[in-house]
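Notes for the one structure printed next.
Protein chains: 2
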Amino acid sequence: MSEHYGKVALIGLGLIASSMAWAMKRAGMATEIRGYARSAETRETARRLGFCDVICDSAEDAVADADLVVLATPVGVMGRVAETIAPHLKPGATVTDVGSVKRTVIEEVSPYLPETVHFVPAHPMAGTEHSGPDAGFASLFDNRWCLIVPVENAPEDAVARLERYWQALGANTERMDPEHHDLVCAVVSHIPHLIAYTMVGVADDLSRVSDQEVIKFSAAGFRDFTRIAASDPTMWRDVFLTNKGATLEILGRFTEELFALQRAIRTGDGEQLHAYFTRTRAIRRGILQAGQDTDKPDFGRIEVKR
Amino acid sequence: MSEHYGKVALIGLGLIASSMAWAMKRAGMATEIRGYARSAETRETARRLGFCDVICDSAEDAVADADLVVLATPVGVMGRVAETIAPHLKPGATVTDVGSVKRTVIEEVSPYLPETVHFVPAHPMAGTEHSGPDAGFASLFDNRWCLIVPVENAPEDAVARLERYWQALGANTERMDPEHHDLVCAVVSHIPHLIAYTMVGVADDLSRVSDQEVIKFSAAGFRDFTRIAASDPTMWRDVFLTNKGATLEILGRFTEELFALQRAIRTGDGEQLHAYFTRTRAIRRGILQAGQDTDKPDFGRIEVKR
């Protein structure tokens, strides 16, 4: 089966869906792209931007006749969306999602889907701190990873087809089981986001350090946290509510380590601090070698001229 | 008095000192720059790069006859450096430093300095994740802040002169008292770094999530932490040991907030999470408006093309 699905329906029209539409156009990957968003304002913006061929006023309309249906809403409402669209799905269609959490999504979506469709959950690990239909662009997934998380007994050809689809959109793909996916994402994404939100909240709260000072002097490290903490609040609320187990586990590990460092500061144990700070450098080198970041100082925000 | 000091001595030749040398050359700000570093290898690299006019084999040699002496070592050794150079300082010279912590540095350096010199502590809030003499470049301080932290009874003209010096190197300046400086820096820099180090350490530790996965999927948020956590371990060890009070205070606030969010996750309090994640967006907007970061998605690491 070709990675070209023909008619594609996007449910939810935020950063990820609009980027998928632009990337499909770039790759000539769809005969027709239909889109739906709950908010009339989002639909209007999407119509104006033109990344879909048709913007529908109901999810049912969007999915009727679609060969690929993409759930691109916050993960907390995917179950309800599945319930709504289920009776209207075309037999033989593939249903996928782009949620950052997989076990809960599978539990909540699967029961509604008829046996005549294939459900292949996926998670493109790409994004920016911007959200909404006007934030999307074609190259968002280039050289990023899309994790494919097949449900039990999923037909191999349906899974492989979605992999090729994501590769055509620019991504690398890898298969993972739902539990492992949710743990990996808690480590590399969910807890870093929670920590960034917390740090920004602490700074916001401190009355002795004015907002203006926090903003003026942000380049000293804090700035990167504020970018992460500027992401979509609804999406992130849903991530933590639906990936509770893994996030609480990693959070426990995190505070355990943090308390060890706090104790080293309190007792003046410079050796422990130095050893810890040295060890973490190696991971950074790995990321640069893997091409997942640039080695330019400060991400090239400053120009190096001597 | 002109912001041009004439002869400048740099003690310590890492990222900050080498950038100061390049920036002084760019601005025509010194008649002669003399440099000293404890490590022979660093001195050799500095000689090769040529950002100083003379590289001396002792700190005493470097400071003799200097009009401005810059302590640019890790803060933990500044007291010892001050003790070593004190007998060799030229009467009327200004001694400054570039340490990230001010109260402890003032306490440790001041007692050694003769009354014939002016001590004007400063803290250029600029840097990258790279360290060493080959990491420096002339524009590092452009549009960044340099905090000037005068000691008690410091003569106004000596303080104002150092301000003009830093402005000539490209920085904006602001005066602050030592306690407030150390608190502000704990919030915008020290604790963000500690948290980033901790998160990277947690990821490194987790045996179920392999290093390879952490590296492959780092773009999902974790990557920014690894950049911060790639900074110089000696410098950061000294920061935490010498800014113990403020870092422990902010750390306490941080864990208090983190536990509140952890509880919201555990109890499924979506409203609290959403409210928290919404509030932190405002700070990001302030940083962009203040010109302290770029609004390009992902810091311009990805090119937006539709």
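Heads up: the sequence lines are chains A and B, in that order. Take 1 as the starting number for the first sequence in full-length UniProt numbering and just add one per residue. Take 1 as the starting number for the second sequence in full-length UniProt numbering and just add one per residue. The C-beta atom is built at its ideal place from N, Cα and C for all residues, glycine as well. Just so you know, these numbers come straight off a predicted model, no measurement behind them.
Under 8 Å by beta carbon: chain B residues contacting residue i
i: K244/A; result: I265, R266 and G268
i: L258/A; result: L194, I195, T198, L251 and T255
i: I228/A; result: G221 and D224
Close-in-space but distant-in-sequence residues of the same chain around residue i (CB under 6 Å, 5 per side omitted)
i: S18/A; result: F51, P133 and G136
i: L140/A; result: S19 and A126
i: M199/A; result: F225
i: V75/B; result: G99, V101, V105, D238 and T242
i: V159/B; result: V120 and P150
i: G6/B; result: T31 and D67
Residue i versus the options, residue with shortest Cα-Cα distance
i: H88/B; options: S100/B, G79/B, D97/B and V69/B; result: V69/B
i: G170/A; options: L49/A, G28/A, A203/A and Q289/A; result: G28/A
i: V188/B; options: T234/B, E41/B, L206/B and I287/B; result: I287/B
i: I106/A; options: V81/A, L248/A and A64/A; result: V81/A
i: G201/B; options: R284/A, A37/A and T31/A; result: R284/A
i: E115/A; options: V151/A, L71/A and Y276/A; result: V151/A
i: D142/A; options: Y165/A, N153/A and E129/A; result: Y165/A
i: S39/B; options: A66/B, I11/B, V54/B and A30/B; result: I11/B
i: E32/B; options: A246/B, D53/B and V109/B; result: D53/B
i: M24/B; options: A37/B, E271/B and A9/B; result: A9/B
i: R279/A; options: T247/B, L162/B, A196/B and G79/B; result: A196/B
i: P124/B; options: A154/B, A168/B and G6/B; result: A168/B
i: A46/A; options: Q212/A, D67/A and W22/A; result: W22/A
i: H190/A; options: A154/A, M176/A and L248/A; result: L248/A
i: A246/A; options: T128/A, E44/A, Q212/A and H180/A; result: H180/A
i: A93/B; options: Y276/B, A275/B, Q289/B and H4/B; result: H4/B
i: T73/A; options: R43/A, A37/A, Q262/A and R48/A; result: A37/A
i: L251/A; options: S2/B, G252/B, Q262/B and L251/B; result: Q262/B
i: residue 310/A; options: D269/A, R26/A, S2/A and D157/A; result: Beyond the ends of chain A as shown, which are 1 and 306, falls residue 310/A; an answer cannot be given.
i: R34/A; options: I55/A, L49/A, T128/A and P111/A; result: I55/A
i: V184/B; options: T128/A, A154/A and Q212/A; result: Q212/A
i: E129/A; options: Q289/B, A290/B and R281/B; result: R281/B
Cut-off 7 Å between Cβ atoms - residues of its own chain near residue i, not counting five sequence neighbours on either side
i: residue 310/B; result: Past the edges of chain B, shown from 1 to 306, lies residue 310/B, and the structure says nothing about it.
i: L113/A; result: A82, A86, V95 and F119
i: F299/A; result: Caution is warranted here: a pLDDT of 49 is assigned to F299/A, below 50, making its placement in the model unreliable, and no coordinate value can be reported.
i: E163/A; result: I148 and T173
i: S2/A; result: none
Residue(s) in a DSSP beta bridge with residue i
i: residue 313/B; result: With chain B represented from 1 up to 306, any question about residue 313/B goes unanswered, as that position is not in the structure.
i: A27/A; result: According to DSSP, which records beta bridges pairwise, A27/A is partnered with nothing at all.
i: H118/B; result: T94/B
i: P124/B; result: C146/B
i: N172/B; result: W145/B
i: L68/B; result: V8/B and T94/B
Closer than 7 Å at the beta carbon, the chain A residues around residue i
i: P192/B; result: M199, G221, F222 and F225
i: G286/B; result: D211 and I215
i: R103/B; result: Ordered by position in chain A, no residue passes the 7 Å Cβ test against R103/B, which lies about 15 Å from the chain.
Under 7 Å by beta carbon: chain B residues contacting residue i
i: P233/A; result: H274, F277 and T278
i: W145/A; result: K216 and F217
i: R208/A; result: L183
i: S39/A; result: Per Cβ cutoff of 7 Å: no residues; S39/A is ~16 Å from chain B at best.
i: D204/A; result: R279, T280 and I283
i: F240/A; result: I265 and L273
i: A290/A; result: I215 and K216
Spatial neighbours of residue i in its chain, beta-carbon cut-off 8 Å, leaving aside the 5 residues before and after
i: I302/A; result: Only weak support exists for where I302/A lies, its pLDDT of 48 falling under 50; the value from the coordinates is given anyway. Around I302/A: no qualifying Cβ.
i: residue 315/B; result: Residue 315/B cannot be examined here, being either before or after the span of chain B that is shown, 1 to 306.
i: S131/A; result: G14, L15, S231, D232 and M235
i: M78/B; result: L71, D97, G99, V105, E108 and V109
i: C265/A; result: Per the sequence presented here, residue 265/A reads as Ile, with Cys not at that position. L273, listed in sequence order.
Within chain B, the residues that residue i reaches when beta carbons sit closer than 9 Å
i: Q262/A; result: L194, T247, L248, L251, G252 and T255
i: W236/A; result: L273, H274 and F277
i: S131/A; result: Within chain B, no residue comes near S131/A; the closest Cβ sits about 10 Å away, beyond 9 Å.
Neighbouring residues, chain A, relative to residue i (Cβ below 8 Å)
i: V187/B; result: V202, A203, L206, V209, V214 and F222
Original post:
Are at least three pairs of beta-carbons, each pair with one atom in the segment 52-64 of chain A and one in the segment 145-162 of chain A, less than 8 Å apart?
Top reply: No, they do not touch.
Original post:
Can you find at least 3 beta carbon pairs, one from the segment 257-268 of chain B and one from the segment 211-227 of chain B, that sit closer than 8 Å?
Top reply: Result no; under three Cβ-Cβ pairs closer than 8 Å.
Original post:
Any contact of the segment 117-124 of chain B with the segment 91-103 of chain B, i.e. 3+ C-beta pairs under 8 Å?
Top reply: Enough Cβ pairs lie closer than 8 Å, so yes.
**OP:** Give a yes or no on contact between the segment 239-246 of chain A and the segment 197-209 of chain A, applying the rule of three or more CB pairs nearer than 8 Å.
**Re:** Segments in contact, no.
Original post:
Any residues in the segment 4-30 of chain A with a beta carbon nearer than 8 Å to a beta carbon of chain D? Which ones, in chain order?
Top reply: Reference to chain D is not applicable here, since the protein chains of this structure are A and B.
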